[in-house]
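A.B. asks: This is the structure, below, for whatever I ask next.
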Amino acid sequence: MTAKITFKKIEMENTFLDPRRGFQPNVVNSQVRFDPLTGRTGHFSHFGAIKPQQLNLEKYSDPQVTGFCPFCGARREAQTPKFPGEIIPEGRLARGEALLVPNLNPYDIYSSVCIMSWEHVVSLDRWNYEKLSDAFTIGLDFLKRIKAISPSLPYHLMGWNYMPPSGGGLVHPHQQYFATEHPGNRFTDEIRASELFYRNYQTDYWQELVYREQKNGERYIGKLGNSHWLTSYVSFGVLGEIICVFHRVYCLNDFTGENLNELVAGLQKIFSYFSHKGIPSFNASLFFCSEGQRFFPVLFRIVPRTFLNTRDNASDLSFFQALLQEPVSVVLPEDLCREVKSFF
Ligand SMILES: [Zn+2]
Numbered sequence: 018m019t020a021k022i023t024f025k026k027i028e029m030e031n032t033f034l035d036p037r038r039g040f041q042p043n044v045v046n047s048q049v050r051f052d053p054l055t056g057r058t059g060h061f062s063h064f065g066a067i068k069p070q071q072l073n074l075e076k077y078s079d080p081q082v083t084g085f086c087p088f089c090g091a092r093r094e095a096q097t098p099k100f101p102g103e104i105i106p107e108g109r110l111a112r113g114e115a116l117l118v119p120n121l122n123p124y125d126i127y128s129s130v131c132i133m134s135w136e137h138v139v140s141l142d143r144w145n146y147e148k149l150s151d152a153f154t155i156g157l158d159f160l161k162r163i164k165a166i167s168p169s170l171p172y173h174l175m176g177w178n179y180m181p182p183s184g185g186g187l188v189h190p191h192q193q194y195f196a197t198e199h200p201g202n203r204f205t206d207e208i209r210a211s212e213l214f215y216r217n218y219q220t221d222y223w224q225e226l227v228y229r230e231q232k233n234g235e236r237y238i239g240k241l242g243n244s245h246w247l248t249s250y251v252s253f254g255v256l257g258e259i260i261c262v263f264h265r266v267y268c269l270n271d272f273t274g275e276n277l278n279e280l281v282a283g284l285q286k287i288f289s290y291f292s293h294k295g296i297p298s299f300n301a302s303l304f305f306c307s308e309g310q311r312f313f314p315v316l317f318r319i320v321p322r323t324f325l326n327t328r329d330n331a332s333d334l335s336f337f338q339a340l341l342q343e344p345v346s347v348v349l350p351e352d353l354c355r356e357v358k359s360f361f
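Under the working numbering, the letters of the sequence shown match residues 18 to 361, in that order.
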């Protein structure tokens, strides 16, 4: 019987005369990997060449900067919008330090921003359970209310840019929650391929992936309750990618308080790892596929981000991602897994 999932890669050697070695030949390795679900490629090269850059958090806390932040102090009450009564009768959702308001620059019909803290700057080591859990709780509450109002919008998403290297426009911690018919090309491709896999094998690809990864162990980080944490075979981030698959949890309504606890617990472990490695920034997503299907479980993804250097604030994304739509990573998923595992 052929395997349902194959991990295909091509290893390459490049030879040049190296000035650092008196122009003697030097052989450098790189890889192209194929995503086992979609077949899309990713490059692995330049191993270990990019080091996470420290950010000057004190500079971000300068009152001259925070003075303009719409999420700071009394401005978050006065300057952020409110939802019309038919969407959120209270106008905004609040819990602990978290406040969820409409996005002034909406991405879809229903689009919100969750301000996660009173403080303008929250370093990775200061995200406690309450702060994270309160933000996710009102974010999910918002998505559930939208689902009740507009059941025809099938997908529900949380997106999070943390700190400037991630593309976040404001340092003040915030997440975005929205419902959509168009969850982006990656999820769209994956949903299509997962449905085909389900039709071919009568099993959910992600469950099969977890089973395979758990068995070989190379990219399997660990399990917290019903959540399985692993590194992606093809990483979207230059410094790798970590995903969490919620086993047999398929849509927003399936996602329980217990699942939320597992998510927060896993995230806190990843933040410990990021702090230890000096990784200052990340992008994250939490994706809920449509109700009724049994082939695409709830997925959380997180990708470390950094400036290439702080001298020029060079981005860690290049023509590869911007124009070729090709991820490039300088860290092998197996090495990342080994490092993160000790924090689980
Ligand atoms: Zn602020």
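Just so it is clear, CB atoms sit at the ideal spot from N, CA and C, and this is done for glycine as well.
From what residue to what residue does the alpha helix (DSSP H) around F288 run?
C.D. replies: Working through the sequence shown from its first residue, we reach residue 288 at position 271. Run containing F288: G274 to K294, per the alpha helix (DSSP H) assignment.
A.B. asks: Cα separation between M29 and Y250?
C.D. replies: Reading the sequence shown from its first residue, position 12 is the one you call residue 29. Reading the sequence shown from its first residue, position 233 is the one you call residue 250. Rounded to the nearest angstrom, the two C-alpha atoms are 17 Å apart.
A.B. asks: If you pair each beta-carbon of the region 319-326 with each one of the region 67-78, do three or more pairs fall below 8 Å?
C.D. replies: The region 319-326 vs the region 67-78: in contact.
A.B. asks: Going by the C-beta, is C131 closer than 7 Å to any heavy atom of ligand 1?
C.D. replies: Position 114 of the sequence shown, counting from 1, holds the residue named residue 131. No; taking the cut-off as 7 Å, the Cβ of C131 has no heavy atom of ligand 1 nearer than that.
A.B. asks: In terms of residues, what are the limits of the beta strand (DSSP E) holding V320?
C.D. replies: Taking the sequence shown and counting its residues from 1, one reaches residue 320 at position 303. Residues L316 to R322.
A.B. asks: Under a Cβ-count criterion, where at least 16 other Cβ atoms within 10 Å of its own Cβ denotes burial, should N284 be classed as buried or exposed?
C.D. replies: Your numbering for residue 284 matches position 267 in the sequence shown. Sequence inspection shows Leu at residue 284; the Asn mentioned does not correspond to that position. It is buried - the Cβ of L284 has at least 16 other Cβ atoms within 10 Å.
A.B. asks: What residues are listed by DSSP as bridge partners for F263?
C.D. replies: The sequence position of residue 263 within the sequence shown is 246, counting from 1. BP columns for F263 point to S244.
A.B. asks: From which residue to which residue does the beta strand (DSSP E) around N46 run?
C.D. replies: By 1-based counting over the sequence shown, the position of residue 46 is 29. Counting along the chain, the beta strand (DSSP E) containing N46 begins and ends at Q41 to F51.
A.B. asks: Under three-state DSSP, which class holds A20?
C.D. replies: The count along the sequence shown starts at 1 and reaches residue 20 at position 3. Coil, per DSSP.
A.B. asks: Can you tell me which residues fall inside 5 Å of ligand 1, judged by beta-carbon distance to its nearest heavy atom, and keep chain order?
C.D. replies: The answer, residue by residue, is C86, F88, C89, H137 and H189.
A.B. asks: Please work out which residues of its chain come closer than 6 Å, Cβ to Cβ, to K76, disregarding the five sequence neighbours upstream and downstream, and give them in chain order.
C.D. replies: On the sequence shown, residue 76 is found 59 positions in, with the first residue counted as 1. Counting only Cβ-Cβ distances below 6 Å, and skipping sequence neighbours, we find nothing.
A.B. asks: Is the separation between the beta-carbon of S134 and that of L117 shorter than 8 Å?
C.D. replies: Reading the sequence shown from its first residue, position 117 is the one you call residue 134. Reading the sequence shown from its first residue, position 100 is the one you call residue 117. No, the pair does not count as a contact, with Cβ atoms beyond the cut-off.
A.B. asks: Identify every residue that forms a DSSP beta bridge with M133.
C.D. replies: Locating residue 133 in the sequence shown gives position 116, where the first residue counts as 1. In DSSP, M133 forms no bridge with anything.
A.B. asks: In this structure, does DSSP put N202 in helix, strand or coil?
C.D. replies: Against the sequence shown, residue 202 aligns to sequence position 185. In the structure shown, N202 sits in a helix (DSSP, three-state: H, G or I).
A.B. asks: Please check the pair D52 and N43, which I expect to be a contact at CB under 8 Å, by giving their CB distance rounded to whole angstroms.
C.D. replies: Taking the sequence shown and counting its residues from 1, the one referred to as residue 52 is at position 35. Taking the sequence shown and counting its residues from 1, the one referred to as residue 43 is at position 26. Contact doesn't hold; Cβ gap of about 30 Å is too wide.
A.B. asks: Does the beta-carbon of A20 have 16 or more other beta-carbons within 10 angstroms, so that it is buried, or is it exposed?
C.D. replies: If you number the sequence shown from 1, residue 20 lands on position 3. Exposed, by the Cβ-count rule.
A.B. asks: Looking at the structure shown, is A91 part of a helix, part of a strand, or coil, going by DSSP?
C.D. replies: Here residue 91 refers to the residue found at position 74 when the sequence shown is read from its first residue. Three-state result, A91: coil.
A.B. asks: Go through its chain and collect everything with a Cβ distance to V138's Cβ below 7 Å, but skip five positions before and after it.
C.D. replies: To locate residue 138, count along the sequence shown from 1; it is residue 121. Closer than 7 Å at the Cβ level, and outside the excluded window around V138, lie L74, Y77, S78 and V188.
A.B. asks: Check each candidate in N330, N276, F61 and S289 and name the one with the smallest Cα separation from S140.
C.D. replies: In the sequence shown, the residue the question calls residue 140 occupies position 123. It is S289.
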